[in-house]
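First to last, the sequence lines map onto chains A and P.
In terms of the working numbering, the first sequence opens at residue 1331 and continues consecutively.
In terms of the working numbering, the second sequence opens at residue 1331 and continues consecutively.
No residue lacks a Cβ here, since even glycine has one placed at the ideal position from N, Cα and C.
From a predicted model like this one, the values you see are computed outputs, not experimental measurements.
This report refers to the structure that appears directly beneath it.
There are 2 protein chains.
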Amino acid sequence: MYTAVIIGIGNVGTHLSRALQCSSEVSIVQYLNRSQLSEGELSKRIGSCEAQKFTTKWETIKEADCYFIAVKDDEIEACIEAIPFHQKIVAHTSGSIALSSCPKQKNAVFYPLQTFSKSKELNFNEIPICIETSENEVYKVIEKIAHSISKKVHYINSFQRRQLHLSAVFVCNFVNHMYHIGNELCIQNNIDSSILEALIQETAAKVKILSPKDAQTGPALRNDKSTLQNHEEMLEGYPKYIKIYRLLSSSIASLNHEN
Amino acid sequence: MYTAVIIGIGNVGTHLSRALQCSSEVSIVQYLNRSQLSEGELSKRIGSCEAQKFTTKWETIKEADCYFIAVKDDEIEACIEAIPFHQKIVAHTSGSIALSSCPKQKNAVFYPLQTFSKSKELNFNEIPICIETSENEVYKVIEKIAHSISKKVHYINSFQRRQLHLSAVFVCNFVNHMYHIGNELCIQNNIDSSILEALIQETAAKVKILSPKDAQTGPALRNDKSTLQNHEEMLEGYPKYIKIYRLLSSSIASLNHEN
């Protein structure tokens, strides 16, 4: 069993902590977070039994086999440098930051490709974990830990991880923004936006079976000019949305020419 | 039991036929389609047992209680006019076209809010059906039929239906296009795009519990300028995608100012 310290218990750190608490390969010995958290908040994030392992004081950081760093991208390198014990496995959890080359540590990446919100429970077992390291011995440990909490473990190098993170912005952040706009248009026209739910779920379910290219439907793909024009007229009060409607419709329409 | 003729067995007509075949309120007496279909194709769409009820000849159209029209938007009115039997319930299935005012028929709308692809099975029971009619007596029939195939039946007027259809373009057609771009970026960088699947499903599942506004995450929302800039640089070879990235990021960023 590997001892571990979790550094940062924001969205990613919270979900990772919850998953590692159930891992047969890891024993969490400490949670370190820059800012203080209330008892209630701590209990929500890491569970009340674990609250005694929480600290905000870097000077009390414990020695452990592994350090998982789940802080903001621009604070990662400083965190790695600040760990006073050397030749430990130090894994950050970011999609955008390259594998560290800090010579004092055994550097690794442990990037769970998922969207995390504190108030939404997740089944970590289904979350792909992208791991990276330059040392074979470290790889074995990290892979074992990853497999103890997820059935989907991928070796992904820093270049690919950045690309994946960019793809994730499209299929998650931008998709969610489309949900937001669809919702807003309903609310502003006194329509119960929950009517959209089945469509949202089916649109996501469809791409398990069809490629997104084959799953594409709608007026832009059909080049249904009359509907496209009607929609633009309906969006006249929403200058931001009309730009989005035009740009995405023209991008979808251009797929036809690529065939 | 109401007798029914299905006019048009494209994507919507196919799925509607399959659902109405199982309805205890409806007996389909005929399927009418403009173009001929092979035996194999007919069997795939409406089932081999029903193939004998198929015709392409308008002059053989049967008398029935209800006519369901699932043809292209700009052909709907001509179809309604062409039905030689009068004072029948004639329901179109379009999101964009207003309730017909054809005086020869009892006009109705029967709009299933869903994305239909022939090769993907659907559970109609979960699909919201938006119904509309101006006559109380017709409403009762249409509502009964809708409830026989779906547990989600909504009375939605023509104005609201157009708005819903526009919302559907955002949460379905545009969302699917985001899936396409995410996929493309993976494929072009030799990454197995199936890694994105869990994220896609969770992004959709999340908005069952959180509003899209509360579910929003990502560099644009955090105003993480360094990641935004990196992503733009990575998209330099894709002028179409870079425009989309910029526009959607700035739209997400502006949500912060609305609070």
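Contact list for residue i against chain P, beta-carbon separation under 8 Å
i: Asn1487/A; result: Chain P residues near Asn1487/A: none, gap ~10 Å exceeds 8 Å.
i: Leu1429/A; result: Simply none; closest approach about 16 Å.
i: Thr1547/A; result: Asn1341, Thr1445, Phe1446, Ser1447, Cys1502, Asn1503, Asn1506
8 Å Cβ cutoff, residue i in contact with chain P
i: Lys1470/A; result: no
i: Pro1458/A; result: yes
i: Leu1346/A; result: no
i: Lys1450/A; result: yes
i: Lys1392/A; result: no
i: Gly1338/A; result: no
Bridge partners - residue i, DSSP secondary structure assignment
i: His1484/P; result: Cys1460/P
i: Ser1357/P; result: Thr1333/P
i: Ala1438/A; result: Ala1421/A, Thr1463/A
i: Thr1385/A; result: Leu1362/A
i: Tyr1397/A; result: Val1335/A, Val1420/A
Listed by chain order, chain A residues near residue i by CB distance under 8 Å
i: His1559/P; result: Just to set this straight, residue 1559/P is Gln in the shown sequence, not His. The contacting residues do not exist; Gln1559/P stays about 11 Å from chain A at best.
Minimum Cβ-Cβ distance from residue i to chain A less than 8 Å
i: Met1564/P; result: yes
i: Asn1589/P; result: Because Asn1589/P carries a pLDDT of 49, less than 50, the predicted location of this residue cannot be relied on, and the following value inherits that uncertainty. Answer no: the Cβ-Cβ gap between Asn1589/P and chain A never drops below 8 Å.
i: Gln1382/P; result: no
i: Asp1395/P; result: no
i: Ser1556/P; result: yes
i: Lys1481/P; result: no
i: His1484/P; result: yes
i: Leu1540/P; result: yes
Per-residue contacts from residue i into chain P (C-beta, under 7 Å)
i: Ala1550/A; result: Asn1503
i: Pro1569/A; result: Simply none; closest approach about 11 Å.
i: Lys1543/A; result: His1510
Contact test: residue i Cβ vs the ligand SAM heavy atom, cutoff 7 Å
i: Gln1351/P; result: Inclusion of the ligand SAM in the displayed structure is not the case, the ligand content being empty and no account of it being possible.
| request: Check distances from the C-beta atoms of the region 1486-1511 of chain P to those of chain A and list, in chain order, the residues that come in under 7 Å. | output: Here the close residues are Gln1490, Arg1492, Gln1493, Leu1494, Leu1496, Ser1497, Ala1498, Val1499, Phe1500, Val1501, Cys1502, Asn1503, Phe1504, Val1505, Asn1506, His1507, Met1508, Tyr1509, His1510, Ile1511.
| field | chain A contacts from the region 1513-1538 of chain P (Cβ-Cβ distance under 7 Å) | value | In summary, the residues of the region 1513-1538 of chain P whose CB is separated from some CB of chain A by less than 7 Å are Asn1513, Leu1515, Cys1516, Asn1519, Ile1521, Ile1525, Leu1526, Glu1527, Ala1528, Leu1529, Ile1530, Gln1531, Glu1532, Thr1533, Ala1534, Lys1536, Val1537, Lys1538, in the order they occur in the chain.
| message | Extract the residue ranges of the alpha helix (DSSP H) inside the region 1554-1586 of chain P, only unbroken runs of 4 or more that lie entirely within it. | response | Entirely contained in the region 1554-1586 of chain P, the alpha helix (DSSP H) runs reaching 4 residues are, in chain order, 1555-1564.
| request: Anything in the region 1409-1443 of chain A with a Cβ closer than 7 Å to a Cβ of chain P? List those residues in chain order, please. | output: Among the residues of the region 1409-1443 of chain A, those with a Cβ less than 7 Å away from any Cβ of chain P are Ser1426, Leu1443, in the order of the chain.
| message | So if I threshold CB-CB distances at 9 Å, which residues from the region 1571-1589 of chain A count as touching chain P? | response | Those would be Tyr1571, Lys1573, Ile1574, Tyr1575, Leu1577, Leu1578, Ser1579, Ser1580, Ser1581, Ile1582, Ser1584, Leu1585, in chain order.
| message | Restricting to runs no shorter than 3 residues, where is the beta strand (DSSP E) found entirely within the region 1471-1545 of chain A? | response | Counting only runs of 3 or more, we get 1483-1485.
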